[in-house]
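Line order of the protein sequences matches chains D and H.
The opening residue of the first sequence carries number 864 in our numbering; numbering runs sequentially from there.
The opening residue of the second sequence carries number 864 in our numbering; numbering runs sequentially from there.
All C-beta atoms in this analysis are idealised placements derived from N, C-alpha and C, irrespective of residue type, glycine included.
There are 2 protein chains.
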Amino acid sequence: MNISNFKGTDMQLSGERIKVTYKIFGEEEEALKMAKDICLEDTIGLPENLIPGNRISSQIKGTVDSLESPESEVYYAVVSFAVEAAEGELTQLLNVVFGNLSIKPGVQVVKIELPESLLSLYNGPRYGISGLRKLLGIQKRPLLSADLKPIGLTSEELSKLAYELALNGIDIIRDDHALTDQTFAPFDERVSMCCEAVRKANSITGFKSIYVPNITAPYDEIFLRAETAKKEGAGGLLICPGLTGFDAMRCVTDDINIALPIFSHPAFLGSFTVGPDGISHSVIYGQIVRLAGADVTIFPNYDYSFSINEKDCREIVSSAKDPLGHIKNMMPNPIGSAGLESLHENVNFYGNDVILQAGRDLYQNDIGENCIRYRNTLLGIVRK
Amino acid sequence: MNISNFKGTDMQLSGERIKVTYKIFGEEEEALKMAKDICLEDTIGLPENLIPGNRISSQIKGTVDSLESPESEVYYAVVSFAVEAAEGELTQLLNVVFGNLSIKPGVQVVKIELPESLLSLYNGPRYGISGLRKLLGIQKRPLLSADLKPIGLTSEELSKLAYELALNGIDIIRDDHALTDQTFAPFDERVSMCCEAVRKANSITGFKSIYVPNITAPYDEIFLRAETAKKEGAGGLLICPGLTGFDAMRCVTDDINIALPIFSHPAFLGSFTVGPDGISHSVIYGQIVRLAGADVTIFPNYDYSFSINEKDCREIVSSAKDPLGHIKNMMPNPIGSAGLESLHENVNFYGNDVILQAGRDLYQNDIGENCIRYRNTLLGIVRK
């Protein structure tokens, strides 16, 4: 038996292509070799001369559409693949784009472009920026978020904290990503008490603050937690797709019975972006997260670490907000030191469509007063 | 309200600790700062002076157990955390170890040690090396695997290929990681036909070759595929935990109704290991994969790329095979160029408890003859 005897599919392919831009580091010869490897590595997995069947070799395998070198030892290769290689599965799309390729040094995914036929298979964010604003009753100003923490507090203490934050004008009160189902504050108990606390504060203030519990959980408990949160009256759900897989987030987003805004948190995703290889910030925190249905993308702000800068953050925002067929946009939610003094600069940088975090200065001395300080500062900026 | 007024949990903690060794790059001052950050970043999330409650600050937060510098600008910090911070959830364990920390440059996870109380909450591999050998009826020799590929072949062609591979002595016939549910060869049809083909070949040879389909799939289809594979008579299941999340793999492993050997594939995991930061090969492909229940860990061999070397592979094998409480060991399955000429060296390197891949030389000219060549070479090595 010889591989060249196989004819392969006789299906008529659509001709539509997934276009991926890769940044390749090295000399021209290595770049060319890498570009050709990319065409085969996660689709065909055979050397060029062994590809069987006309359609497989002419249409299904990746092709190098362009290769450009804007600077020494840096190449940008646009490689396209048949949409049929990935069908509608997000897991397989990520595999085609960067499966085994992730193991090779010297290459980074910097852009993914999907044709309408493939985009149409994804729902994307359920609410997007305007839907989230409607839920919160806030038309134009930037939103303000804060985390409940630390682990080790009891559910009662966390709900008191949630009450204080809501009462003093924090719009979005999120579980810290380290709060899961610890016996100190079990998920069901904590969520019930925090939902109740925020409802009570809202009844006093007239605000529409929301509590967003963290449903990052074992595979078989994610939906149980989402359903509990929904039942108790949570206003959104936080998930770390680096820990659950991106498709778990998509699945929660798509569930009509849950139908809550989804907040994507960057925990365990940093390794994709920390080096020159991997996947760019804008693809991970922008394109992939948006395709996977997040209404809000939480990502490290440019003051977070040396591995992310202003350019990266601008590109994330583009990927979050630029038109993308029928897919709604996402609200950016940068996190970092998030001191009071950073609010001005961050609104200038991100505009009004942003969620800013009450961070470093929130827990120093009186928490309620700090909330008011964050809120008033933010309102002051927008009035200008 | 002031954070220092919170008392935190009054639970009696076990005192048992999760110990994690981090490799930190930089000068002593930076290393010390990073070690202290690690203690707080993914558990408490507050600065040291703001940690409320005696138990939170004395027991729940991470502590630096040791900090050593074996060479210039390289430090090893052992940081321990209360087991109660992670409880039994694999997602949360990974978050405590490397959640937001993954975003920071200059730090790599090189070892995770769990106390018995936490280990006892994980089942680990269902079969392990001896269980897999029993299923395959092979006592001592190294096993031989090969991939079905490329995408674009029809189910009928792939099943003919599976038949040829099984008939000529390949022990483990796996779907390539790029085969999922494409219309060229839909999952149900392909699995049914390939299972039947391998059964038929076994009935002729008397071997116990197995077919291992790829169940990497959208979140809500993983179990459907596992169940279909089981029903059709698959001999194992391939999953890419980088795409599904590690806990999806654990969940499939733990399901008593499926109870098939689990093969963990490295697709989309490379970014954790490709740079100096991130997570070491032995932790990703050894410790985490084993805790998540893989019977076989597929990983890049030292000839695969410049980012993995012989030392890395030796460490993966240690993490896969060293005693670990009640948790069974895993069979290493290195993949790379996997030419015929590499078999000798690889058996010398890995020993008999290894699955070697019929790789580069398998698809050149007659596939059946190449299988026999791979098999005879391997049998010859063991006889020595």
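Report the start-end ranges of each beta strand (DSSP E) in the region 995-1023 of chain D that is 3 residues or longer and not cut off at the edges.
1006-1011
Neighbourhood of H:Pro1076 by C-beta, 6 Å cutoff - its chain only, sequence neighbours within 5 removed:
Asp1038, Val1054, Ala1092 and Ala1097
Can you give the Cα-Cα distance for H:Gly1015 and D:Ile923, rounded to whole angstroms?
7 Å
Consider the Cβ of H:Met1193: report whether some Cβ of chain D lies at a distance smaller than 7 Å.
no
Does any residue of chain H bring its CB to less than 7 Å from the CB of D:Tyr1074?
no
Take H:Glu1020 as the anchor and find which of D:Asp1224, D:Leu1028, D:Asp873 and D:Phe1131 has the nearest alpha-carbon.
D:Asp873
Closer than 9 Å at the beta carbon, the chain D residues around H:Phe1169:
Lys967, Pro968 and Gly969
Below-7 Å beta-carbon distance, D:Ile1014 vs any chain H residue:
yes
Local conformation of H:Asp1051 per DSSP, three classes
helix
For H:Glu936, decide whether its Cβ has a neighbour in chain D, counting only Cβ atoms nearer than 7 Å.
no
Mark H:Gln971 as exposed unless 16 or more other C-beta atoms lie within 10 angstroms of its C-beta, in which case mark it buried.
buried
Taking Cβ-Cβ distances below 9 Å as the criterion, which residues of the region 1050-1073 of chain H are in contact with chain D?
none
With H, G and I counted as helix, E and B as strand and the rest as coil, what does DSSP make of H:Leu903?
helix
For D:Ile1179, count neighbouring Cβ atoms within 10 angstroms of its own Cβ and tell me buried if that reaches 16, exposed if not.
buried
Run the CB neighbour count on D:Lys1012, radius 10 Å, all protein chains shown included, and call it buried at 16 or more, exposed below.
buried
Do the region 947-964 of chain D and the region 896-907 of chain D meet, that is, are 3 or more Cβ pairs less than 8 Å apart?
yes
Which residue comes first and which comes last in the beta strand (DSSP E) that contains D:Asp1038?
Ile1035 to Asp1038
Below 8 Å on the Cβ atoms is my contact criterion, and I expect H:Ser887 with H:Ala949 to pass it. Report the Cβ-Cβ distance as a whole number of Å.
Here the sequence assigns Ile to residue 887 of chain H, which means Ser is not the residue at that position. That belief does not hold up - the Cβ atoms of H:Ile887 and H:Ala949 are roughly 22 Å apart, past 8 Å.
Taking 7 Å as the threshold (beta carbon to beta carbon), is D:Asp1175 in contact with chain H?
no
Which whole-angstrom value is the C-beta distance of H:Ile966 and D:Gly1133, which I expect to be below 8 Å?
3 Å
H:Val1137 versus D:Lys1023: straight-line alpha-carbon distance, rounded
44 Å
Backbone CA spacing between H:Asn1192 and H:Phe944 [nearest angstrom]
25 Å
Within the same chain, show all residues whose beta-carbon is closer than 7 Å to that of H:Glu936, passing over the 5 residues directly before and after it, in chain order.
Phe888, Gly889 and Glu890
Just the chain D side, please: which residues come within less than 7 Å of H:Phe869 by C-beta, in chain order?
Leu1016 and Glu1020
Give the interface partners of H:Tyr1165 over in chain D, defined as CB-CB distance under 7 Å, in chain order.
Those do not exist, as H:Tyr1165 stays about 12 Å from chain D at its closest Cβ, beyond 7 Å.
Quick check: D:Gly1156 and D:Thr1107, are their CB atoms within less than 7 Å of each other?
no
Strand pairing of D:Arg1236, partner residues [DSSP]:
Note: D:Arg1236 sits in no beta bridge, so no partner.
Can you list the residues of chain H that D:Tyr885 reaches, using a CB-CB cut of under 9 Å?
What D:Tyr885 touches in chain H: nothing, since even the nearest Cβ is about 14 Å away.
Do we get a CB-CB distance below 7 Å when we pair H:Ile1230 with the residues of chain D?
yes
What does D:Pro1081 reach in chain H if we use C-beta pairs closer than 8 Å?
Glu952, Leu953, Thr954, Asp1110, Arg1113 and Cys1114
When burial is assigned at 16 or more other CB atoms within 10 Å of the CB, is D:Ser983 buried or exposed?
exposed
Length of the line joining the Cα atoms of D:Lys974 and H:Arg1004:
46 Å
Taking only the alpha-carbon atoms, compute the straight-line gap between H:Leu895 and D:Asn1031 and give it to the nearest angstrom.
37 Å
Beta-carbon separation of H:Leu999 and H:Asp1034 under 7 Å?
yes
Any C-beta of chain D under 7 Å from that of H:Ala898:
no
Uninterrupted beta strand (DSSP E) stretches inside the region 1076-1125 of chain D (no shorter than 3 residues):
1100-1102
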